[in-house]
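Q: Protein sequence lines, in the order shown, are assigned to chains A and B.
Sequential numbering of the first sequence, starting at 0, is according to numbering that gives the first Met the number 0.
Sequential numbering of the second sequence, starting at 0, is according to numbering that gives the first Met the number 0.
Backbone N, C-alpha and C fix where the C-beta goes; we use that ideal spot for every residue, glycine too.
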Amino acid sequence: MTTTTLTAPPATAAGRTRDRGPDAARHRRKQILNWIAVHSVALALALFFVLPFVFVFLTSVMSDGQALSGDLWPTSWHWSNYSTVFHTPGFLTWWRNSLVYAVLGTVFTVCSSVPVAYALAKFRFRGRRTAMILVISTMMLPPQVIIIPMYLVWAQQFHLSGSLWPLIIPMAFGDAYSIFLLRQFLLTIPQEYIESAKVDGCGELRTLLKIVVPMAKPGIAAVALFQFFYCWNDYFGPQIYAAQNPGAWTLSYGLESFKSAHSVNWNLTMAATLLVMAPVIIVFFFAQKAFVEGVTLTGVKG
Amino acid sequence: MALSLTTSAKTARSGAAGAPRNTPLRRKQNRDRLRTLGFLSPWLIGFSVFFAYPLIATVYFSFMHYNQIKAPDFVGLRNWKYVFQQMPLFGPALWNTMWLVVVMVALRVAFGLGIGLLVTKIKTGVGLFRTAFYIPYLAPPVAATVAFVFLLNPSTGPVNEMLGWIGLHGPNWFNDPNWSKPSLVLLSVWGIGDLMVIFMASLLDVPKEQYEAADLDGAGAWSKFRYVTWPAITPIVLFAVVTGVVQTMQYYTQALVAGKLASGVSIGPGTVIQPGYPDHSTLTVPQLVYSLGFQNFNTGAACVLSLVLFAIAMAVTLLLMRKSVGLIPAED
Chain A
0 MTTTTLTAPP ATAAGRTRDR GPDAARHRRK QILNWIAVHS VALALALFFV LPFVFVFLTS
60 VMSDGQALSG DLWPTSWHWS NYSTVFHTPG FLTWWRNSLV YAVLGTVFTV CSSVPVAYAL
120 AKFRFRGRRT AMILVISTMM LPPQVIIIPM YLVWAQQFHL SGSLWPLIIP MAFGDAYSIF
180 LLRQFLLTIP QEYIESAKVD GCGELRTLLK IVVPMAKPGI AAVALFQFFY CWNDYFGPQI
240 YAAQNPGAWT LSYGLESFKS AHSVNWNLTM AATLLVMAPV IIVFFFAQKA FVEGVTLTGV
300 KG
Chain B
0 MALSLTTSAK TARSGAAGAP RNTPLRRKQN RDRLRTLGFL SPWLIGFSVF FAYPLIATVY
60 FSFMHYNQIK APDFVGLRNW KYVFQQMPLF GPALWNTMWL VVVMVALRVA FGLGIGLLVT
120 KIKTGVGLFR TAFYIPYLAP PVAATVAFVF LLNPSTGPVN EMLGWIGLHG PNWFNDPNWS
180 KPSLVLLSVW GIGDLMVIFM ASLLDVPKEQ YEAADLDGAG AWSKFRYVTW PAITPIVLFA
240 VVTGVVQTMQ YYTQALVAGK LASGVSIGPG TVIQPGYPDH STLTVPQLVY SLGFQNFNTG
300 AACVLSLVLF AIAMAVTLLL MRKSVGLIPA ED
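(1) List, in chain order, every chain A residue whose beta-carbon is nearer than 8 Å to that of Q249 of chain B.
(2) Would DSSP call H279 of chain B helix, strand or coil?
(3) Using a Cβ-Cβ distance cut-off of 8 Å, determine whether I167 of chain A contacts chain B.
(4) Less than 8 Å between the CB atoms is what I'm expecting for W42 of chain B and F225 of chain A, so what's the real figure, rounded?
(5) Assign R107 of chain B to one of two classes, buried (16 or more other C-beta atoms within 10 Å of its C-beta) or exposed (fewer than that).
(6) Under a CB-based cut-off of 8 Å, is V291 of chain A close to chain B?
(7) Compute the beta-carbon to beta-carbon distance between A118 of chain A and F38 of chain B, rounded to the nearest angstrom, for a pair I have assumed lies under 8 Å.
(8) Helix, strand or coil for I327 of chain B, going by three-state DSSP, please let me know.
(9) Give every residue of the same chain whose Cβ lies closer than 7 Å to the Cβ of I114 of chain B, excluding the five residues on either side of it in the sequence, and list them in chain order.
(10) Please say whether M131 of chain A and N266 of chain A have beta carbons closer to each other than 8 Å?
(11) Specify, as a first and last residue, the run of the alpha helix (DSSP H) that W221 of chain B falls within.
(12) Does DSSP put D70 of chain A in a helix, in a strand, or in coil?
(13) What three-state label does DSSP hand F284 of chain A in the structure shown?
(14) Does R34 of chain B have its Cβ less than 8 Å from a Cβ in chain A?
(15) G219 of chain B touches chain A at which residues, Cβ-Cβ below 8 Å?
(16) Run through chain A and tell me which residues come within less than 8 Å of V141 of chain B, C-beta to C-beta.
(17) Which residues in chain A have a C-beta closer than 8 Å to the C-beta of I121 of chain B? List them in chain order.
(18) For F173 of chain B and L319 of chain B, I'd like the C-alpha separation in whole angstroms.
(19) When you compare only the Cα positions, how much space is there between A289 of chain A and P87 of chain B?
(20) For the alpha helix (DSSP H) containing H168 of chain B, name the first residue and the last one.
(21) Please confirm if A257 of chain B has its CB atom under 8 Å from at least one CB of chain A.
(22) Mind checking who D72 of chain B pairs with in its DSSP beta bridge?
(23) Looking only at C-alpha atoms, which of A:A221, A:N244, A:A271, A:A247 sits nearest to F257 of chain A?
(24) Quick one: which residues of the region 67 to 86 of chain A get their C-beta closer than 9 Å to a C-beta of chain B? List them in chain order.
(25) Closest to E194 of chain A by CA distance: which of A:S75, A:V211, A:L180 is it?
(26) Along the chain, which unbroken stretches of the beta strand (DSSP E) at least 3 residues long are found entirely within the region 51 to 112 of chain A?
(27) Report the option in B:F83, B:L127, B:R26, B:T22 whose CA atom is closest to the CA atom of A301 of chain B.
(28) Using CA coordinates, which residue listed in A:L273, A:T295, A:G293, A:H158 is at the minimum distance from V53 of chain A?
(29) Within 10 Å of its beta-carbon, does K9 of chain B have 16 or more other beta-carbons around it, so buried, or fewer, so exposed?
(30) In angstroms with no decimal places, state the Cα-to-Cα distance between W76 of chain A and T247 of chain B.
(31) Express the C-alpha separation of M63 of chain B and D72 of chain B in angstroms, rounding to a whole number.
(32) Determine the closest residue to A254 of chain B out of B:T119, B:A142, B:R26, with distance taken between C-alpha atoms.
(33) According to a CB-to-CB cut-off of less than 7 Å, which residues of the region 100 to 124 of chain B neighbour chain A?
(34) Are Q249 of chain B and P142 of chain A closer than 8 Å when you measure CB to CB?
(35) Give the interface partners of T57 of chain B over in chain A, defined as CB-CB distance under 7 Å, in chain order.
This is the structure in structure tokens:
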């Protein structure tokens, strides 16, 4: 790989390849120096991005005392720290709550956002542009702006504070970000497929389910992943609604109290931190393509 | 085949638009309208119940004295006067938020673009480098913050330990009011993966021929960037700035968790502590909204602050959006 890239003449120099000699040699030397410069900068940066994970991991297997010493390498490997974390009261409950919130939230969001995105991408109706602008403005609104009246409704009318339902239920009514992303994706599906399904006698709903959804799988996968991560990472939501009831805490929310309860045990805290990160990173490795596609789509296809 | 289908569909549509008096066609129009409403209904309900209503209610509560127990009581502009004239923490919170918006967005966009450019130049092991740059973006904000508070701990953290090796005396990071915000910026630059991917994709989209043409004109690296790359990616840069500003206006979790953990307060979440440790240097407007509304039960003042946040977010977005009308993708 390396050699081919290095020896292959750059496309721009196509006309110059025939004359060999000092010029070509200088050019080649410049390319090698360039390769070294780019890769050493990249390597240094990669260290900045990866080292925090390495230190967190190394600390997570240290003994209680060593974790406070500023040492970088564990003198003995305490894998039992991880089982200690799992046996901490509440930890498994938080884990379950996170999973319920993330899975239900994802399913609700996808089911409610797909039809809306389809209508915004493919139907022609008056007010389409206005609807799109409204979707974007909800995306832009900081959640803190509307949280107080929302909290009062859930707490006082529905008596659902102390649970995660005030966070999960709204997701059955579409999510601006997902609608936006899905719409961008659906725009890329050629109108011809939809028209021909209709000529074949498919109704709108059947067209959506049988033709559009299968073609939009990568987009839907990206939205599902984003939503899963959003719920898994959410701190503000659980803090608002679940704070009074530790039985409803999620991992992201509980982690901070875990640290506070184990104020001197950096090793246990780092083990817990890694356990909160793990699902996200594992899911990412299995679904890398869909995820990166989603990020690119929101940023570029606008 | 496909071609004939499109043409027939087009004629059918223009026919419908031209003859609204025809009853079967009008019936079709009504059916279309119902169909559209049906498909949009989840969002229409969601928008009115979870967006429009609370926004109006926030305005309503901003004129009320309300402690969430007794019925709201109309007090006119008193909450507004309180926030702008008397509340001691409003100034610092607004200053911190604006500081973070300017510095964080500028550095994130600059680094994101830089790393995006670098990745497009990497010839060996691109996949590995890309993953390394991207992974921190995925780390849950709380987990990332807890990790950074540990890494940057002035006495026991590995970062100052390593700085010591090369004879540097590391700062007190999250425990020093002058360094707490830069520490948050460092944390956010670490999670730059999303911007890197966006910039990388847009850089790869710049037409190759333009670079070749610039080469023929003998352009150096800088002029190529200035006259070929930059004009092509300006819309994406603007997009990154707009979304960055909006995200930073909401900056909450990292500032709150970092402040709490660095302060060493060993009590769990839900406990009332003065946010913004050290010396209110990490107090942001969203934190103040939370603290007023959910810890001090001063609903009116919290709603005033929400509206200030809303006004700033909207103003900045509209200002930047006007320069990037093409970014509102309503027309395809």
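A: Reading from the atomic positions:
(1) Neighbourhood of Q249 of chain B in chain A, by CB distance below 8 Å: P141, P142, Q143, in chain order.
(2) If DSSP states are grouped into helix, strand and coil, H279 of chain B belongs with coil.
(3) So, not an interface residue.
(4) Contact between W42 of chain B and F225 of chain A does not hold, since their C-beta atoms are separated by about 17 Å, which reaches or exceeds 8 Å.
(5) R107 of chain B is buried by the Cβ-count criterion.
(6) Yes, contact with chain B.
(7) Confirmed, Cβ separation roughly 4 Å.
(8) With a pLDDT of only 48 at I327 of chain B, under 50, the local geometry of the prediction cannot be trusted, and no value is derived from it.
(9) Taken in chain order, the residues that qualify are F132, I191, M195.
(10) In this structure, M131 of chain A does not lie closer than 8 Å to N266 of chain A by Cβ.
(11) From DSSP, the alpha helix (DSSP H) with W221 of chain B extends over 220 to 223.
(12) Coil.
(13) F284 of chain A: helix per DSSP, three-state reduction.
(14) Output row for R34 of chain B: interface = yes.
(15) Going along chain A, no residue has its Cβ under 8 Å from G219 of chain B, so there is no contact; the nearest lies around 13 Å.
(16) Those within 8 Å of V141 of chain B in chain A are N232, Y234, S251, Y252, L254, E255, V275.
(17) Residues of chain A passing the Cβ test: V37, H38, A41.
(18) Near 32 Å, if we compare the C-alpha coordinates of L319 of chain B and F173 of chain B.
(19) In a straight line, the C-alpha of A289 of chain A is about 47 Å away from that of P87 of chain B.
(20) First-last for H168 of chain B: undefined, no H or E at that position.
(21) Not an interface residue.
(22) D72 of chain B pairs with B:H64.
(23) Among A:A221, A:N244, A:A271, A:A247, the Cα nearest to that of F257 of chain A is on A:A271.
(24) Residues of the region 67 to 86 of chain A whose Cβ lies closer than 9 Å to any Cβ of chain B, in chain order: L67, S68, G69, D70, L71.
(25) Ranking A:S75, A:V211, A:L180 by CA distance to the CA of E194 of chain A puts A:V211 first.
(26) Listed in chain order, the beta strand (DSSP E) runs fully inside the region 51 to 112 of chain A amount to none, counting runs of at least 3 residues.
(27) Checking every option, the nearest Cα to that of A301 of chain B belongs to B:F83.
(28) Closest option to V53 of chain A, Cα to Cα, is A:L273.
(29) Note that K9 of chain B has pLDDT 41, beneath the 50 cutoff, so the model's placement of it is unreliable and no number is given.
(30) Approximately 40 Å, taken between the alpha carbons.
(31) Cα to Cα, D72 of chain B sits roughly 5 Å from M63 of chain B.
(32) Residue B:A142 holds the alpha-carbon nearest to the alpha-carbon of A254 of chain B among B:T119, B:A142, B:R26.
(33) Those residues of the region 100 to 124 of chain B that come within reach of chain A (Cβ to Cβ, closer than 7 Å) are I114, L117, K120, I121, K122, T123.
(34) It is a contact, given that the beta carbons lie within the stated cut-off.
(35) Here the neighbours are V144, I145, I147, P148.
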